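Data first, discussion second: the structure below is written as structure tokens.
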Amino acid sequence: MGNNSTKIALITGASRGLGRNTAAALARKGVDIIGTYHSNKAEAEETVAAIKALGRKAVMFQLDTGNVASFPAFVSEVRKALKSVWSRDGFDYLINNAGIGVHAPFAETTEDDFDRLMNIHLKGVFFLTQKLLPVIADGGRIVNLSSGLARFSLPGYSAYAAMKGAVEVLTRYLAKELGPRGIAVNTVAPGAIETDFGGGTVRDNKQVNDFVASVTALGRVGQPDDIGGAIANLLSDDNRWINAQRIEVSGGMFV
Ligand code: NAP
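See the structure below:
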């Protein structure tokens, strides 16, 4: 990827969906993977096996990205793995991907729903990135996952989309403040993609699936393969001058 030394990516939520797909897409480009999972250890092990089958190194750690108090212990695990597996003291790419979907009309959104979404999608991204700063190599990159829902509005996503909107603002501030270290920071905002996300509605509910296809310029619903490759390409050296941008990867939803 631009030079001879192997790059290492840390991807949160790499056990399933877009995180796993991104891990595989990066591994195909020669990148090694540090991943996290929340509760699906078996899926996490499948990700490790998939990355190793591609000839790259991979380790996975359990992490609740909504639990800020657990971050210092996580960071020291990451440091240990960097030393023992790679003989390095830093990694190159941070991909803040882990997330959950909560669908609730604004009028019925509870404080619990709001706090859960805020902890995972905003507070967790903010403080995990902060705690990992000393471990991200100068000249590295950060990608924060947002959503098409932060640009267009669909009923039922007010709290979720508000957190993603905040992450898009955070991305620009990180780009500004980390620029002196040569770290570029961008947002990738997928449209609706067929994963387990939000109970797998986009994939499994035919009405929702047809609706998404009908409002998408390319006429179908997104697949994980539509996203992982885009993120891996964004992280390639050819795209090093892209910074502080929001890149929507949605096949043209609601254009
Ligand atoms: P997914 O298939 O449901 O996978 C979610 C991943 O996040 C899993 O690896 C899961 O780990 C992990 N995770 C969930 N809660 C966590 C927590 N509290 N702490 C740490 N990790 C946690 O979802 P996805 O579709 O890949 O979504 C990935 C990202 O893309 C999210 O930020 C989402 O908001 C965003 N996005 C998705 C879509 C879409 O339509 N799919 C569209 C736009 C944006 P376990 O396997 O252990 O549960």
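Each residue of the sequence shown is one higher than the last, beginning at 1282 in the numbering used here.
Ideal placement from N, C-alpha and C gives every residue a C-beta, glycine not left out.
Owing to the predicted nature of the structure, the values given are computational and were not obtained by experimental measurement.
So, using beta-carbon positions, are residue i and residue j closer together than 8 angstroms?
i       : j       : result
Ser1531 : Gly1382 : no
Met1534 : Gly1472 : yes
Ile1423 : Leu1375 : yes
Gly1298 : Asp1477 : yes
Arg1432 : Ala1525 : no
Asn1490 : Val1483 : yes
Ala1362 : Val1340 : yes
Gly1347 : Arg1397 : yes
Thr1303 : Gly1509 : yes
Apart from the five residues on each side of it in sequence, which residues of its chain come closer than 7 angstroms, Cβ to Cβ, to residue i?
i       : result
Phe1387 : Ser1439
Ser1286 : none
Thr1390 : Ser1439, Ala1440
Gln1504 : Ile1474, Glu1475
Met1399 : Met1444
Glu1394 : Just to set this straight, residue 1394 is Asp in the shown sequence, not Glu. The residues are Val1383, Ala1385, Ala1440.
Ala1308 : Ile1314, Ile1332, Leu1335, Arg1337
Lys1412 : Phe1352, Pro1353, Val1356
Ala1494 : Gly1500, Arg1501, Val1502
Ile1417 : Gly1371, Phe1372, Leu1375, Ile1464
Leu1435 : none
Apply the 10 Å Cβ neighbour rule to residue i and answer buried if 16 or more other Cβ atoms are within range, or exposed otherwise.
i       : result
Gly1421 : buried
Ser1296 : buried
Phe1372 : buried
Val1466 : buried
Thr1293 : buried
Gly1283 : With a pLDDT of 40 at Gly1283, under the threshold of 50, the predicted position of this residue should be treated as unreliable, though the coordinate-derived value follows. Exposed, by the Cβ-count rule.
Leu1499 : exposed
Pro1353 : exposed
Ile1512 : buried
Val1536 : exposed
Asp1507 : buried
Glu1458 : exposed
Ala1442 : buried
Glu1326 : exposed
Taking the continuous alpha helix (DSSP H) assigned at residue i, which residues delimit it?
i       : result
Ala1308 : 1298-1309
Glu1475 : Here Glu1475 belongs to no alpha helix (DSSP H), and DSSP marks it neither H nor E.
Ala1447 : 1439-1459
Leu1403 : From DSSP, Leu1403 is part of no alpha helix (DSSP H); its letter is neither H nor E.
Ala1494 : 1487-1495
Can you name the start and end residues of the beta strand (DSSP E) that residue i belongs to?
i       : result
Thr1468 : 1465-1471
Asn1425 : 1417-1426
Asp1313 : 1313-1318
Glu1529 : 1527-1530
Ile1508 : Premise fails: Ile1508 lies in the alpha helix (DSSP H), 1505-1515, not in any beta strand (DSSP E).
Ala1290 : 1289-1292
Beta-carbon within less than 6 angstroms of residue i's beta-carbon, same chain only, minus the 5 sequence neighbours each way: which residues are those?
i       : result
Val1312 : Lys1288, Ala1290
Ser1427 : Lys1445, Val1448, Glu1449, Thr1468, Ala1470
Leu1344 : Thr1317, Phe1355
Gly1300 : Ile1292, Gly1294, Asn1378
Asn1520 : none
Can you name, in chain order, every residue of its own chain whose Cβ lies under 8 angstroms from the Cβ of residue i, other than the five neighbours on each side?
i       : result
Leu1403 : Met1444, Ala1447, Val1448, Leu1451
Phe1408 : Val1349, Phe1352
Determine, using beta carbons only, whether residue i comes closer than 8 angstroms to chain D.
i       : result
Asp1518 : Absent here is chain D; the protein component of the structure consists of one chain.
Review point. What are the complete alpha helix (DSSP H) segments, minimum 4 residues, inside the stretch 1333-1377?
Key: Here the runs fully enclosed are 1352-1362.
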